[in-house]
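Residue numbers for the sequence shown follow the numbering used here, beginning at 295 and rising by one.
Heads up, the thing below is written out as structure tokens.
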Amino acid sequence: MIEAGHFAAFLALAFCGFQAGFGLAGDRARSGLFASLGFAAMGFAFLTLIVAFARSDFSVQLVAANSHTLKPFVYKIAGTWGNHEGSMALWCLVGLGFGAAADWLMKSDRRAFEARALGVQGLLSLGALAYLLFASSPFTRLDPAPLQGQGLNPLLQDPALAIHPPMLYLGYVGYSFVFALAAAGLIEGRIDRQWARMARGWALAAFVPLTLGIALGSYWAYYELGWGGWWFWDPVENASLMPWLIGAALMHSLIVTEKRGSFSAWTALLAVLAFCFSMLGAFLVRSGVLTSVHSFAVDPLRGSILLFGLLAFGGFALVLFALRAPKLSGGPAWLAASREGAMMGNNLVLTVATATVMLGTLFPLIAEAAGQTISVGEPYFNLTFTPIMALALIALPVVQAWAWGKADLSSLWKWAAGFAGLVAVFWLAGIGPMDIPLLAGVGLAIGVWLLFGAGQEAWRRAKTLERLPKLPLRVWGMTLAHAGLGIFIVGAVLQTSGRTQTTLALQEGETQSIAGWQVRLDDVSSVEGPNWYAERATLTAERGGSETLLQPQKRYYPAARMPTTETAIHKTGMGDLYVALGDGRRNRAGETRWTFEVFFNPLIDFIYLGVTLIAIGAGLSMFGKRTKARPES
């Protein structure tokens, strides 16, 4: 069966070639047909890999290296994409899927434009498939086949990590079709309101799963790695954050192009950059240049091929932009003190924030290539990224109330006084019993400010309670997304500034306290799972007369020869009591004392609630009714 899948992947490669050729020649019907055929062929090829993993077919090298007969069935399936070759196969499948979806969904009167977009998407899929088949084939056989596999990386044997890669790829590869639309528009020299209306849905279709994928990865790192936090400025985390920031800028820029016909060149550039940063993320994760718990270690040759692909496609798009951008219509003139000006300011801030993240991520690699060792960590991002974003967030509720063309600045002092009042409230709370640091108080003020701004904007549009439920989905989407951003800020600030952390060393029956909790170690026992064995501690945590049982583990996976930490988390509604089991040490009296890393993370669920609302809001905007833009001559 795996040979049939291998053959189907080559068929998909051929279909992509026809899709690209007919599309760039302007043949919409044939290009769309081959896009659908390519997706069907790659879908069958990927299905054969799933079947090979499900059957533990160790004659397939990929299965032997990433599976094991004792592994739970769901992780056998997840093992299909929990490695370099399988993840690239998934990348190709998603790319071809976007091409097929575009064939089915694009129904405009610009047939030549649609054909060229499909042609560019075909070129991108052709390059990805060529890399898969000739440099990273997942279909290689082993002869003789081993009797047992090596097992999937234990860190990836987790429900969140089973869903995390497909969600990220829907985002990363989704921007490939936004890139294709931009390239087709630049080839025609026409980035207008109709183009923006079409591109906006595809940009949101990439943004929503990318948002959820990043959130899933963050939550996995929170409960699986035992570090007690939700974001560590890990280089691979940054690799997913950069296209997200550019994608957010792109969404706002598309609104202006769709409604006003402005920012056409800038919007096209952002569409190109969103895909370039997605390609950069793929290169960083799969090239072997980064050391991370999230990355795939790959040999330098394949990393070099990925880098060449990034430079080739990115260079082509940027050269095309440089040639065509001066000829694009600039749209009506706009003032800095207007909604258009505010949107451009938002775009510039997000672009600069992306640049600071990119510099912090890549500079250590550049320094290492020059023979120096430099570490860039959390202090750098706190001093650069955080102030930049804080200024944009403070301005957001103000500028979203501005009118198109020219804004009324007479009420600006009221907004300034309102925010200053919020800061004063939280500052006074900081010097009182709540003990909130001043900077944390400013952060909380920003979060509440965003929530107020979201509600105020919805009320401004509805004007009455009766009209509030009748607001368009796009307005509700914007409101939810901005409110989600505010909730996220509140959760992030409280978790970061209010977290309590301590290391406990306990013997059985001993009790110590943290954040008002009395934590007692009852016993430590050995347990065994389907493909692991572990030391499991049983602790009783008591506060205010109520008790809860916590059972953190230290697991060991014999097939992979790798330990993992399984934390215990008790959610109180106001925060998480979080426990990670450390090592046990025997003293001279023969008694064993076990160490535990214990955290209390206040309102950390606000972080994930906020991100979920951002994704829901973007999804509502994607499905909301749009005003049809008149085609421009």
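Beta carbons: idealized from backbone N, C-alpha and C, even for Gly.
| Check | Outcome |
| --- | --- |
| Going by beta-carbon coordinates alone, are phenylalanine 713 and tryptophan 743 separated by less than 7 Å? | yes |
| Considering just the uninterrupted stretch of the beta strand (DSSP E) at aspartate 817, what are its terminal residues? | 811-822 |
| Could you check if tryptophan 707 is buried or exposed, using at least 16 other CB atoms within 10 Å of its CB as the buried criterion? | exposed |
| Check this for me: beta carbons of alanine 456 and valine 472, under 7 Å apart or not? | no |
| What are the boundary residues of the beta strand (DSSP E) that glycine 936 is part of? | Because the chain is modelled from 295 through 927, residue 936 falls outside the range shown and cannot be assessed. |
| Using beta-carbon positions only, say whether lysine 553 and leucine 629 come within less than 7 Å of one another. | no |
| If you draw a straight line from the C-alpha of arginine 768 to the C-alpha of arginine 755, how long is it? | 12 Å |
| Any chance the region 441-455 sits against the region 540-550, with 3 or more Cβ pairs inside 8 Å? | no |
| For leucine 677, count neighbouring Cβ atoms within 10 angstroms of its own Cβ and tell me buried if that reaches 16, exposed if not. | exposed |
| Give every residue of the same chain whose Cβ lies closer than 7 Å to the Cβ of threonine 650, excluding the five residues on either side of it in the sequence, and list them in chain order. | Thr678, Phe679, Ile682 |
| Using CA atoms only, rank isn't needed, just tell me which of Gly522, Met573, Gly575, Val530 is closest to proline 896. | Gly522 |
| Pick helix, strand or coil for threonine 805, following the three-state DSSP scheme. | strand |
| Please state whether the Cβ-Cβ distance between glutamine 313 and leucine 436 is less than 7 Å. | no |
| Bridge partners of methionine 856, per DSSP? | Tyr851 |
| Short of 6 Å in beta carbon distance, which residues of its chain neighbour alanine 661, apart from the five on each side in sequence? Order them along the chain. | Ile668 |
| Suppose contacts are defined by Cβ-Cβ distances below 7 Å. Is valine 873 in contact with phenylalanine 890 by that definition? | yes |
| Which two residues bound the contiguous alpha helix (DSSP H) that contains valine 769? | 767-792 |
| Thinking C-alpha only, which one of Glu802, Met856, Gln806 is nearest tyrosine 827? | Met856 |
| On the CB-based measure, 16 or more other CB atoms within 10 Å of its CB, does glutamate 297 come out buried or exposed? | exposed |
| So, for glycine 479: in the same chain, excluding its five sequence neighbours on each side, which residues have a beta-carbon less than 6 Å away from its beta-carbon? | Ile485, Trp489 |
| Between the region 633-642 and the region 529-547, do at least 3 Cβ pairs fall closer than 8 Å? | yes |
| Taking the alpha carbon of serine 853 as the point to measure from, which residue in Phe328, Gln451, Val892, Leu578 has its own alpha carbon closest? | Note that residue 853 is alanine in the sequence shown, not serine. Selected option, being the one with the closest Cα: Gln451. |
| Cα separation between glycine 747 and alanine 500? | 26 Å |
| CB-CB under 6 Å to histidine 300, same chain, minus the five flanking residues each way: which ones, in chain order? | Phe433 |
| Decide if the region 856-871 is in contact with the region 764-778; the criterion is three or more beta carbon pairs, one per stretch, under 8 Å apart. | no |
| By Cβ distance below 6 Å, which residues in the same chain neighbour arginine 324 in space, the five residues on each side in sequence not counted? | Phe316 |
| Nearest to alanine 883 by alpha carbon, out of Ala909, Gln801, Thr648? | Gln801 |
| Nearest to histidine 864 by CA position, among Ser470, Gly625, Glu841, is which residue? | Glu841 |
| Do you know whose CA, among Ile910, Gly416, Asn360, lies nearest glycine 326's CA? | Gly416 |
| Taking DSSP as the reference, what is the three-state secondary structure of tryptophan 753? | helix |
| Buried or exposed, going by whether 16 or more other CB atoms sit within 10 Å of the CB of threonine 797? | exposed |
| Just grab the DSSP bridge partners of isoleucine 863 for me. | Tyr872 |
| List, from N- to C-terminal side, the alpha helix (DSSP H) runs of 4 residues or more that fit wholly inside the region 448-518. | 453-482, 487-518 |
| Start and end of the alpha helix (DSSP H) containing asparagine 969? | As displayed, the chain neither begins before 295 nor continues past 927, which places residue 969 out of reach and without an answer. |
| For tryptophan 888, which residues does DSSP report across the bridge? | Leu800, Gly878 |
| Measure the alpha-carbon distance for arginine 837 versus arginine 814 and round it to whole angstroms. | 12 Å |
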